[in-house]
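Taken in order, these protein sequences are the chains called A and B.
At position 109 of the first sequence (counting the first as 1) the number is 109 in the working numbering, and the numbers step up by one without a gap.
At position 235 of the second sequence (counting the first as 1) the number is 235 in the working numbering, and the numbers step up by one without a gap.
Glycine residues also receive a C-beta, built at the ideal position from the N, C-alpha and C atoms.
For clarity, every value in this text was computed on a predicted model and none was experimentally measured.
To start, the structure itself, in structure tokens.
There are 2 protein chains.
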Amino acid sequence: MPNPTAAMLVIGDEILSGRTRDANVAHLAAALNEKGIDLHEARIVRDAEDAIIAALDSLRTRYTHVFTSGGIGPTHDDVTADAVARAFGVPIEVRADARAILASYYAGTSRELNEARLRMARVPDGAVLIDNPVSGAPGFSMGNVHVMAGVPEIFQAMLEGLLARLIGGRRLIDHTVHVALPEGEVAERLRRLSERHPAVSIGSYPVGRGGVLGCTLVLRSQDPEHLAAARTDLGRVLEELRPPS
Amino acid sequence: MPNPTAAMLVIGDEILSGRTRDANVAHLAAALNEKGIDLHEARIVRDAEDAIIAALDSLRTRYTHVFTSGGIGPTHDDVTADAVARAFGVPIEVRADARAILASYYAGTSRELNEARLRMARVPDGAVLIDNPVSGAPGFSMGNVHVMAGVPEIFQAMLEGLLARLIGGRRLIDHTVHVALPEGEVAERLRRLSERHPAVSIGSYPVGRGGVLGCTLVLRSQDPEHLAAARTDLGRVLEELRPPS
Numbered sequence: 001m002p003n004p005t006a007a008m009l010v011i012g013d014e015i016l017s018g019r020t021r022d023a024n025v026a027h028l029a030a031a032l033n034e035k036g037i038d039l040h041e042a043r044i045v046r047d048a049e050d051a052i053i054a055a056l057d058s059l060r061t062r063y064t065h066v067f068t069s070g071g072i073g074p075t076h077d078d079v080t081a082d083a084v085a086r087a088f089g090v091p092i093e094v095r096a097d098a099r100a101i102l103a104s105y106y107a108g109t110s111r112e113l114n115e116a117r118l119r120m121a122r123v124p125d126g127a128v129l130i131d132n133p134v135s136g137a138p139g140f141s142m143g144n145v146h147v148m149a150g151v152p153e154i155f156q157a158m159l160e161g162l163l164a165r166l167i168g169g170r171r172l173i174d175h176t177v178h179v180a181l182p183e184g185e186v187a188e189r190l191r192r193l194s195e196r197h198p199a200v201s202i203g204s205y206p207v208g209r210g211g212v213l214g215c216t217l218v219l220r221s222q223d224p225e226h227l228a229a230a231r232t233d234l235g236r237v238l239e240e241l242r243p244p245s
Numbered sequence: 001m002p003n004p005t006a007a008m009l010v011i012g013d014e015i016l017s018g019r020t021r022d023a024n025v026a027h028l029a030a031a032l033n034e035k036g037i038d039l040h041e042a043r044i045v046r047d048a049e050d051a052i053i054a055a056l057d058s059l060r061t062r063y064t065h066v067f068t069s070g071g072i073g074p075t076h077d078d079v080t081a082d083a084v085a086r087a088f089g090v091p092i093e094v095r096a097d098a099r100a101i102l103a104s105y106y107a108g109t110s111r112e113l114n115e116a117r118l119r120m121a122r123v124p125d126g127a128v129l130i131d132n133p134v135s136g137a138p139g140f141s142m143g144n145v146h147v148m149a150g151v152p153e154i155f156q157a158m159l160e161g162l163l164a165r166l167i168g169g170r171r172l173i174d175h176t177v178h179v180a181l182p183e184g185e186v187a188e189r190l191r192r193l194s195e196r197h198p199a200v201s202i203g204s205y206p207v208g209r210g211g212v213l214g215c216t217l218v219l220r221s222q223d224p225e226h227l228a229a230a231r232t233d234l235g236r237v238l239e240e241l242r243p244p245s
């Protein structure tokens with residue numbers, strides 16, 4: 001059975017303005033890889049309902065899961081929950097279960113559950129809440145769209161709980177080799193190696209200024225035997241390239 | 001006149017596998033902001049022609065410019081140039097001008113312009129080359145799609161030359177205020193402030209664990225007078241929130 005597939009949707013003007021550097025794509029990518037869910041693409045859009053809806057419409061029909069980060073706080077620029085409700089064509093209002101979670105969380109603080117914070121209990125009809133062990137306000141899963149916070153610490157905590165209830169697949173296993181030759185010297189042999197091992201994806205990444213110093217080769221496969229065969233073959237190929245001593 | 005708009009397309013399995021963290025979106029975002037080109041979205045896709053073409057088809061019709069990074073090296077997993085040619089429906093082959101650039105570059109090194117490296121001279125018909133002062137192999141602009149390398153140092157050098165020949169717009173100016181109150185305490189007033197200043201975008205970003213410690217407010221506008229008015233207004237709002245001493 002093929003692995004489940006996924007896309008990530010990062011919501012936030014602050015990333016597109018260059019003010020903040022996204023950290024959630026890299027974290028999600030590593031976590032999904034562990035879980036055997038294949039991350040096919042990621043998008044970053046502005047805090048604008050129309051942009052979020054267009055991306056959701058495109059992604060949620062194409063992949064098993066869509067993970068979002070950002071835009072679920074108490075301020076006016078947090079529009080993700082409304083956009084998700086509109087994308088699914090369902091109503092959104094303050095929900096009793098989410099409100100109870102917030103009430104209980106703020107009861108343990110010196111802060112009060114005011115009207116602005118109550119916005120964080122607005123959840124589209126039919127969504128399942130995602131636990132937020134860091135700061136109370138829950139995320140939610142609406143169909144195959146999983147809506148989480150943008151603050152990396154909260155995103156990661158929410159994701160951990162969420163992933164525990166999703167079905168995974170076969171983890172990609174990989175093998176990394178550092179080669180002290182520029183890409184251009186190994187490219188032809190790598191191409192042939194790649195053709196001989198269609199079940200193994202072989203990536204080549206230049207290392208050092210302009211790729212002059214060397215390259216990192218990454219072999220990835222779901223099948224340990226195919227990976228082992230490609231590793232042995234690569235070893236032979238690199239041996240051929242070594243100048244005789 | 002409204003600013004030109006843009007999207008970024010990052011091409012690379014290594015980002016989606018979590019192996020490498022993208023640095024080019026943040027760099028492009030800051031550079032475009034300086035130039036007065038509005039970055040509306042960014043996408044990260046795999047090293048797969050179909051995925052690249054689907055993203056290009058969607059982005060190049062919607063924005064003034066599309067900037068890509070990654071997938072233009074000499075190895076088999078570098079498929080960006082072919083994907084761009086297919087997206088535009090034009091032939092691609094080794095072009096004399098690109099080949100001459102590579103020949104001249106490699107003549108100054110101990111390396112030779114072999115067949116694999118010649119792949120980097122394959123340019124879609126009708127494209128304009130983008131100079132690569134770091135490692136020779138050029139990028140190219142095909143229509144409104146600007147194809148650059150993924151290695152950050154090379155991406156940045158290519159972008160600098162490219163941006164010099166693009167027409168910019170009005171730079172967004174911004175003003176950042178750190179507030180020692182959690183978002184939930186300022187949210188209602190911020191919403192009203194935002195309604196009073198429609199020409200100013202007001203972003204709020206939690207700071208510290210779970211947003212407990214405070215928040216950063218970012219005011220952005222193309223118009224210095226509108227920004228100044230919103231700043232003054234924000235100052236009053238924050239003054240009201242301060243407890244009497």
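Ranked by Cα distance from residue 183 of chain B, the options B:192, B:174 and B:205 are led by B:205.
In the three-state DSSP reduction, residue 197 of chain A falls in the coil class, being neither helix nor strand.
DSSP places residue 130 of chain B within a strand segment (E or B) once states are collapsed to three.
If you keep only unbroken alpha helix (DSSP H) runs of at least 4 residues inside the region 103-164 of chain A, you get 115-118 and 152-164. Residue-level contact check: residue 98 of chain A does not touch chain B, since none of the beta carbons of chain B fall below 8 Å from its beta carbon. Contact between the region 3-16 of chain B and the region 70-86 of chain B is present: 3 or more CB-CB pairs across the two stretches fall below 8 Å. Residue 122 of chain B is outside the set of residues whose beta carbon lies under 8 Å from a beta carbon in chain A. For the pair residue 53 of chain A and residue 171 of chain A, the Cα-to-Cα distance works out to about 31 Å. Under a 10 Å Cβ-count criterion, residue 224 of chain A is classified as exposed, with fewer than 16 other Cβ atoms of the shown protein chains found around its own Cβ. Annotation for residue 23 of chain B: 152 place their beta carbon closer than 6 Å to its own, counting only its chain and skipping 5 residues before and after.
Rounded to whole angstroms, residue 78 of chain B and residue 126 of chain A show a C-alpha spacing of 43 Å. Contact annotation for residue 13 of chain B against chain A: 201, 203, 218 and 220 [CB-CB distance below 9 Å, chain order]. Around the beta carbon of residue 60 of chain B, 16 or more other beta carbons sit within 10 angstroms, so the residue counts as buried. Below the 7 Å Cβ cutoff, chain A contributes 184, 187 and 188 as neighbours of residue 116 of chain B, in chain order. If the five residues before and after residue 122 of chain B are omitted, its C-beta is found closer than 8 Å to the C-beta atoms of 81, 82, 92, 93, 94, 95 and 98, all from its own chain and listed in chain order. Assigned with DSSP and collapsed to three states, residue 61 of chain B falls in coil, not helix or strand. In this structure, residue 28 of chain B sits near residue 39 of chain B, with a CB-CB distance shorter than 8 Å. In terms of beta-carbon proximity, residue 61 of chain A stays away from the interface with chain B, with every pair separated by 8 Å or more.
For residue 131 of chain B, the nearest beta carbon of chain A is not closer than 8 Å to its own beta carbon.
Within chain A, no residue has its CB atom less than 8 Å from the CB of residue 226 of chain B, the nearest being about 17 Å off.
Within chain B, the residues placing a beta-carbon under 8 Å from that of residue 45 of chain A are 40 and 41, ordered along the chain.
Pairwise C-beta distances place the region 177-194 of chain A in contact with the region 111-118 of chain B, as three or more of them are shorter than 8 Å. Rounded to whole angstroms, the separation of the alpha carbons of residue 176 of chain A and residue 231 of chain A is 9 Å. Proximity of chain B to residue 3 of chain A at the Cβ level (cut-off 8 Å) is not reached, the minimal Cβ distance being about 13 Å. The C-beta of residue 16 of chain B comes closer than 8 Å to at least one C-beta of chain A. When rounded, the separation of the alpha-carbon atoms in residue 233 of chain B and residue 178 of chain B is 15 Å. Residues of chain B whose Cβ lies closer than 8 Å to the Cβ of residue 83 of chain A do not exist, since the nearest Cβ in that chain is about 14 Å away. Interface annotation, residue 194 of chain A: in contact with chain B, CB-CB separation under 8 Å. Pairing residue 36 of chain A with residue 45 of chain B, the inter-Cα distance amounts to about 18 Å.
In chain B, no part has a C-beta under 8 Å from the C-beta of residue 178 of chain A; the shortest such distance is about 13 Å. By the rule that beta-carbons nearer than 8 Å mark a contact, residue 206 of chain A touches chain B.
Residue 141 of chain A counts as buried, since at least 16 other C-beta atoms from the protein chains shown sit within 10 angstroms of its C-beta. Counting other Cβ atoms within 10 Å of its Cβ, residue 157 of chain B reaches 16 or more and is therefore classed as buried.
Rounded to the nearest angstrom, the Cβ distance from residue 130 of chain A to residue 162 of chain A is 5 Å, consistent with a contact under 8 Å. Counting of Cβ neighbours within 10 angstroms places residue 194 of chain B among the buried residues, the total reaching 16 or more.
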